[in-house]
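Just below is one structure, and these are the notes that go with it.
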Ligand code: GDP
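In the UniProt record's numbering, the protein residues as written are 144 to 442.
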C-alpha cells in the first residue's frame, strides 16, 4: 500500500509548502498575515475555513507572537490538528446487526472503489459482508462491484436489469438480514442529472432502507473526491439537503495538491471523516487519524 506521507506529498508541497515558505524568514514582515491570507484563499480550503484560521491567528496570538514565524507556524499546525482531531470517529459495527451502510456521492468520486476497499477491510476484521449494487443507472458500476466481489470473494447483491436503485437496495438489505450478514454496504445512484432528481433519489433510497429495518441506514457515508477542490464543498452542501450524512470519505488525496479541501468540508459538515483514499489498491483506504494526517502534511 501507499505510505500516507507519499499519498499526501502533493498537498504538502502545494499549499502547505507555500504556507511554510512564508515562515522561513527570521522575522515576519508586517504583510505576513496578508500573505498567509493570500495562500489560504487560493488553497481550495474554501473562504470559510480560510477565514477561520486567519481569525484564530488574530485572536489567539499577541503582536509579538505574530512577529515570530515559528510561533505562528506552530499555532497554525496546532489549530489544524485540533480541528481535524474533532473529526476522528470510528464506526461501531457492533451497534446493529446487520449494520447497514449507504454510500452516497456523485459519479466518479470513487464510490464503488471505496465500497470494495471497505468491504475487504471489514472482511479481514472477521465480518461477513454483503455488497449491494444499487447504482443501477450506471451499468459499469454494477459490473465493477461484481469485479470487486470476485476479487475479494465477497457476495454482491444485484437486481434485475433496469430495476431502479431503491428496489435493489430494498431487496439487498432484505436478503442481507435474512442471510445473517454482519454488514451490508449499499452502492447508490450518484447521477447528477438534475439536482432535484438526485435529491429525490437519495431520499427514496434512505426511506426504503428504513422500511426493511426501521433503524437503517445506520450510517450514510458521503464520498468526496479531493481532486475536485471547491466542488467537493459544494457537493457536501447539496447532499446534506437530502440525507443525514453521518460519515465522510475523502478519496484521491494521492493525486492532488488540493488536500486542504478537507478543512473546507469540515466547515460544511459536522460528521466525522471515517476514511481517506490515497491510492487505487485495496489497502489504500485508511482510517482517518488526525495526528498522522497533520504529521504527513506538515512534515
Ligand atoms: P464512482 O463513479 O464514484 O463509483 O467511482 P469509481 O469507484 O468508479 O472510481 C473512479 C476512479 O477513481 C477509478 O478509476 C478508481 O480507481 C479511482 N479512485 C478511487 N479512489 C481513489 C483513490 O483514493 N486514489 C486514486 N488515485 N484513485 C482512486
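Ideal placement from N, C-alpha and C gives every residue a C-beta, glycine not left out.
Per-residue DSSP class, three states only, for residue i
i	result
residue 339	helix
residue 330	strand
residue 425	coil
residue 358	coil
residue 276	strand
residue 417	strand
residue 390	strand
residue 412	coil
residue 345	helix
residue 211	coil
residue 366	strand
residue 322	coil
residue 430	strand
Residue i: CB within 8 Å of a non-hydrogen atom of the ligand FAD
i	result
residue 314	Annotation note on the ligand FAD: not contained in the displayed structure, which lists the ligand GDP as its ligands.
CB-CB length for residue i against residue j, believed under 8 Å
i	j	result
residue 404	residue 433	Actually they are not in contact, since the Cβ atoms of residue 404 and residue 433 sit about 16 Å apart, beyond 8 Å.
residue 388	residue 414	5 Å
residue 155	residue 393	That belief does not hold up - the Cβ atoms of residue 155 and residue 393 are roughly 15 Å apart, past 8 Å.
residue 147	residue 437	About 11 Å; that fails the 8 Å criterion.
residue 239	residue 358	6 Å
residue 328	residue 272	6 Å
Identity of the residue in the options nearest residue i by Cα
i	options	result
residue 166	150, 176 and 213	213
residue 435	423, 424 and 418	418
residue 236	407, 259 and 324	324
residue 276	190, 191 and 289	289
residue 374	401, 355 and 390	401
residue 408	399, 423, 390 and 164	390
residue 187	144, 424 and 410	410
residue 202	218, 348, 190 and 303	218
Residue i, buried or exposed, once every other Cβ within 10 Å from all chains shown has been counted against 16
i	result
residue 362	buried
residue 350	exposed
residue 371	buried
residue 287	buried
residue 300	buried
residue 337	exposed
Which full runs of the beta strand (DSSP E) of 3+ residues lie inside the stretch 146 to 203, going along the chain? The stretch 146 to 203 contains no whole beta strand (DSSP E) run of 3 or more residues.
Which ranges would you report for the beta strand (DSSP E) in the stretch 220 to 298 if only whole runs of at least 3 residues count? 242 to 247 and 272 to 276
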